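> So the sequences go chain by chain: H and U.
First residue of the first sequence: 92, per the working numbering; consecutive thereafter.
First residue of the second sequence: 92, per the working numbering; consecutive thereafter.
One structure, as structure tokens, below. Some questions next.
There are 2 protein chains.
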Amino acid sequence: MKSKIMKRQNVRTLSLIVCTFTYLLVGAALFDALESRYEVERRADLLEDEMMFRNKYNMTPTDFEILRKNVERTVPYYSGIQWKFSGSFYFALTVVTVIGYGHSTPQTVGGKIFCMFYAVAGIPLCIIMFQSVGERLNVFITYTLKKIRKCLKLRNRTVPETHVILVTMNLSTLVLTSGALMFDHYEHWGFLDSLYYCFITLTTIGFGDYVALQKDDALQEKLHYVVFSLIFILFGLTVISAAMNLLVLRFLTMNTEDERRDELEAAAAAQNAIHLDGDVITSNGNVHVVSNAQERAAVEYSEVISVCSCSCYKWSSNRGKEVQNNRRRNQSIFTTTSGKNNYGRDDSSEEGDSFLQYHSKRNSL
Amino acid sequence: MKSKIMKRQNVRTLSLIVCTFTYLLVGAALFDALESRYEVERRADLLEDEMMFRNKYNMTPTDFEILRKNVERTVPYYSGIQWKFSGSFYFALTVVTVIGYGHSTPQTVGGKIFCMFYAVAGIPLCIIMFQSVGERLNVFITYTLKKIRKCLKLRNRTVPETHVILVTMNLSTLVLTSGALMFDHYEHWGFLDSLYYCFITLTTIGFGDYVALQKDDALQEKLHYVVFSLIFILFGLTVISAAMNLLVLRFLTMNTEDERRDELEAAAAAQNAIHLDGDVITSNGNVHVVSNAQERAAVEYSEVISVCSCSCYKWSSNRGKEVQNNRRRNQSIFTTTSGKNNYGRDDSSEEGDSFLQYHSKRNSL
């Protein structure tokens, strides 16, 4: 059993690696096709202009190389003062959010070392904060959707997760487009480039080819624009985190979940020779308001119980099968050799059914 | 109860927000203190050199501005051909891993639009892949540590999680330092700057102030160096993901876990009027090889059971309390009004103890 589950996890991981590499190769081919020709043309034009200048001013190659290096170094300084408080705050934000535009980077040894230590603690803190706020946002959206269903007098008040995902997706699109419009207004990049900037920022890629607050000493002069930009980044990342919380987080724990089930089964298998003795517990088992969580708890509970019920000991790594097995397992708890079998069996089968209901409910959620 | 748990989650989220903002403010102040003075001096020197040039060649401000823009644009082209297959692969990797150096960025409209769509699917795939491989790495480390303990003939074969974390941490440091040494050798940046580059890359900040493979047309000429750089990024990110998987992932699901427990309690509370009838089940409850997962399952199982045991119905949102409560809850299952109380009580208390053992075990893990 263990080896089987191990195998499943390894196969999953391997297929993920294969997918990622295929995706990278396809991406590389397409980027090559899209950009290579333009690069060659652009390169030729720029070097031609350069030669014109050098000839016009009769500049020696050495001098031009020195000038080139000088111009490269002055780029951040031409964009305004970068390290006064507001600029440093902007930089610190790009570090902990891992956006890392690189529009301005620490130049001193002390700055570089501090930046590393700052990131070590800051990045996990930031990830946890954004995920936490994102999850709260999802809860708020679910609550609002419930209220709307109430107003619309819908019979089924439970909000499908797909609806929450749809709302989060629309919210993300709204943030991106409104952000694009605002940055287009302030930076005059044009809509597509502003949208591209917003996207590259909120995915935390942060190329730095377009960076807000780098014109007309905006970091010092345009406080309202600084505040807007920071709010855009913070709110935008929250909305993206909310979407990630719904869409990605569950996949991150897949292997660990399997390990957990694996441990559970191994532990129970080790307990495979315990005797059930005594009489019947009869309880009214109709737990119909039960939740996803409770269904899972019930599955685990039935697994723990089945440690004490070697009579119908059946393991299944398949979740669906597990749920179906609860029926048999629960029977093994509620029925004994004494005369109350029917009562016990009815009871257990009722519980078995309800588990199946929860499972279907859970999938519909 | 629900409101209480809601409150706990909101308080947690709020305190995380406060922490992050405090961290950002402190960081901003320190970056300002570390970099501001150097920035002023550096800026003055560079502009002075610039003036010297302009005077030496008697260059008009307009001409110099055009030259400056030209030089800025030629930076990626001076670093070699960027968009042939190997360069495009390197770029695609910086997109899906959100490193985003920005050493070279799409210049065509098609390239920018494709880049956005490429990232939408690529980033989640990459996160899931690295987390999955990281988790496999942790499992492998645990397995190796177990084997070592076996070789050392240690009585306690269970590997504490702290040991796995320590190994992952050391592995991360090893990757960073060996990477730094290699890049120092290839790029001649000096050790500190190479370490800074490796750190900024593997945290996916990716400023782009230092970028590998940008010298001497390395992307086309030095294939072995290209392969080494890509392997460094991929293996490095796997090791960092393994550490994140152990240290951060659990915090990302805190609120969701509370919501789960909340649902569980609400569901159970709704079932608060069920009668327990019948006799005693007596089972040998020494489940000593039980795991963290099983302890949790057992806690949830006891919660499900306590739906049927309103006699000692006690809810506790505190995990520790919950575990202690199992003792009472389980007694309510195993003891009845019939003459078998002692047997039942002994049995249940034994089980209660074992739960407490698991809890302490779990904390030690």
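Think of the CB as a built atom: it goes at the ideal place given N, C-alpha and C, for glycine as much as any other residue.
Predicted model only: the values in this text are computed from it and were never measured.
Compare the beta carbon distance of U/Y192 and U/V302 with 7 angstroms and say whether it is the shorter of the two.
Walking along the second sequence from the start, residue 192 of chain U turns up at place 101. Walking along the second sequence from the start, residue 302 of chain U turns up at place 211. The answer is yes: Cβ separation under 7 angstroms.
> Skipping 5 residues on each side, what residues in its chain have a beta carbon closer than 8 angstroms to that of H/N336?
Residue mapping note: residue 336 of chain H aligns to position 245 of the first sequence, counting from 1. If we look at H/N336 and ignore the five residues flanking it on each side, its Cβ neighbours are Q222, G225, E226, N229.
> To the nearest angstrom, how far is it from the Cα of H/V186 to the Cα of H/G213?
Position 95 of the first sequence, counted from the first residue, corresponds to residue 186 of chain H. Position 122 of the first sequence, counted from the first residue, corresponds to residue 213 of chain H. Answer to the nearest angstrom: the Cα atoms are 8 angstroms apart.
> Taking only beta-carbon atoms, is U/S451 less than 7 angstroms away from chain H?
For the purposes of this step, residue 451 of chain U is taken as residue 360 along the second sequence, with counting starting at 1. Bear in mind that a pLDDT of 38 at U/S451, under 50, signals an unreliable position, so the model cannot answer this.
> With a cut-off of 7 angstroms, does the C-beta of U/N146 fall near any C-beta of chain H?
Position 55 of the second sequence holds residue 146 of chain U. So no, U/N146 is outside the interface.
> Have a look at H/E350 and H/E356 and give me their C-alpha separation to the nearest angstrom.
Locating residue 350 of chain H in the first sequence gives position 259, counting from the first residue. Locating residue 356 of chain H in the first sequence gives position 265, counting from the first residue. Near 10 angstroms, if we compare the C-alpha coordinates of H/E356 and H/E350.
> What residues from chain U crowd round H/V140, counting only those whose CB sits closer than 7 angstroms?
If you number the first sequence from 1, residue 140 of chain H lands on position 49. One detail in the question is off: residue 140 of chain H reads as Asp in this sequence, not Val. What H/D140 touches in chain U: N161.
> Please list the partners that H/V186 has in chain U, where partner means a Cβ-to-Cβ separation under 8 angstroms.
To locate residue 186 of chain H, count along the first sequence from 1; it is residue 95. Under the 8 angstroms cutoff, chain U gives G118, I296.
> Should U/A303 be counted as a contact of the ligand ATP given a C-beta to heavy atom distance under 6 angstroms?
Absent from the structure shown: the ligand ATP. Ligands present: none.
> For the alpha helix (DSSP H) that U/Q222 lies in, which residues bound it at each end?
As a first step, residue 222 of chain U is located in the second sequence; it is residue number 131 there, counting from the start. 200-242 is the span of the alpha helix (DSSP H), which, as asked, contains U/Q222.
> Could you compute how far the alpha carbon of U/I219 sits from the alpha carbon of H/E354?
Here residue 219 of chain U corresponds to residue number 128 of the second sequence, with the count starting at 1. Here residue 354 of chain H corresponds to residue number 263 of the first sequence, with the count starting at 1. Rounded to whole angstroms, U/I219 to H/E354 spans 23 angstroms at the Cα level.
> How would you call H/K160, buried or exposed, if buried means at least 16 neighbouring beta carbons within 10 angstroms?
Start at 1 with the first residue of the first sequence, and residue 160 of chain H comes out as number 69. Exposed.
> Are the C-beta atoms of H/T259 and some chain U residue less than 7 angstroms apart?
Within the first sequence, residue 259 of chain H is the residue found at index 168, counting from 1. Closer than 7 angstroms: no.
> With distances taken Cα to Cα, identify the nearest neighbour of H/V109 among U/L216, U/Q100, U/C289.
By 1-based counting over the first sequence, the position of residue 109 of chain H is 18. Nearest of U/L216, U/Q100, U/C289 to H/V109, Cα basis: U/L216.
> Out of U/G297, U/L107, U/S320, U/I239, which one is the CA nearest neighbour of U/F274?
For this step, residue 274 of chain U is matched to residue 183 along the second sequence. Residue U/S320 is the option with its Cα nearest to U/F274.
> So, with DSSP's three-state summary, where would you put U/T264?
Start at 1 with the first residue of the second sequence, and residue 264 of chain U comes out as number 173. In the structure shown, U/T264 sits in a helix (DSSP, three-state: H, G or I).
> With the cut-off set at 7 angstroms, would you say U/K237 and U/V250 are in Cβ contact?
Position 146 of the second sequence, counting from 1, holds the residue named residue 237 of chain U. Position 159 of the second sequence, counting from 1, holds the residue named residue 250 of chain U. Their beta carbons are under 7 angstroms apart, which means U/K237 touches U/V250 by this criterion.
> What residues in the stretch 303-324 of chain U bring their beta carbon closer than 8 angstroms to a beta carbon of chain H?
From the stretch 303-324 of chain U, no residue has a Cβ closer than 8 angstroms to chain H.
> Tell me the residue span of the alpha helix (DSSP H) that contains H/L314.
For the purposes of this step, residue 314 of chain H is taken as the residue at position 223 of the first sequence. Looking at the DSSP string, the run of the alpha helix (DSSP H) that includes H/L314 is 314-338.
> Please identify the residue among H/S263, H/K306, H/I291, H/L257 whose C-alpha is closest to the C-alpha of H/H276.
For the purposes of this step, residue 276 of chain H is taken as residue 185 along the first sequence, with counting starting at 1. Nearest option by C-alpha distance: H/K306.
> For U/N101, go through chain H and note every residue whose CB falls closer than 8 angstroms to its CB, in chain order.
Here residue 101 of chain U refers to the residue found at position 10 when the second sequence is read from its first residue. Chain H residues near U/N101: R227.
> Taking the alpha carbon of H/L283 as the reference point, which residue from U/V102, U/K203, U/G118 has its own alpha carbon closest?
Residue 283 of chain H sits at position 192 when you count from the first residue of the first sequence. Ranking U/V102, U/K203, U/G118 by Cα distance to H/L283 puts U/K203 first.
> What residues of chain H sit near U/I108, judged by a beta carbon separation below 8 angstroms?
As a first step, residue 108 of chain U must be located in the second sequence, where it is residue number 17. Residues of chain H passing the Cβ test: M220, V224.
> Starting from the beta carbon of U/V339, find every residue of chain H whose beta carbon is closer than 7 angstroms, and list them in chain order.
Numbered from 1 along the second sequence, position 248 holds the residue referred to as residue 339 of chain U. In chain order: P215, I218, I219.
> What is the rounded straight-line gap between the Cα of U/L262 and the Cα of U/F326?
The residue labelled residue 262 of chain U in the question sits at position 171 within the second sequence. The residue labelled residue 326 of chain U in the question sits at position 235 within the second sequence. Cα to Cα, the separation comes out at about 11 angstroms.
> Check each residue of the stretch 263-274 of chain H: if its Cβ is closer than 8 angstroms to any Cβ of chain B, include it; give the result in chain order.
In the structure shown, chain B does not exist; the protein chains are H and U.
> For H/S463, which residues in the same chain have their Cβ closer than 6 angstroms to its Cβ, ignoring the five residues on either side in sequence?
The question about residue 463 of chain H has no answer, for chain H in this structure spans 92 to 456.
> Is any beta-carbon of chain H found at less than 7 angstroms from that of U/F182?
Within the second sequence, residue 182 of chain U is the residue found at index 91, counting from 1. Cβ-Cβ to chain H under 7 angstroms: yes for U/F182.
> What whole-angstrom Cβ distance do U/D300 and H/T196 have, given they're in contact under 8 angstroms?
Residue 300 of chain U sits at position 209 when you count from the first residue of the second sequence. Residue 196 of chain H sits at position 105 when you count from the first residue of the first sequence. Rounded, the Cβ-Cβ distance is 4 angstroms, consistent with contact.
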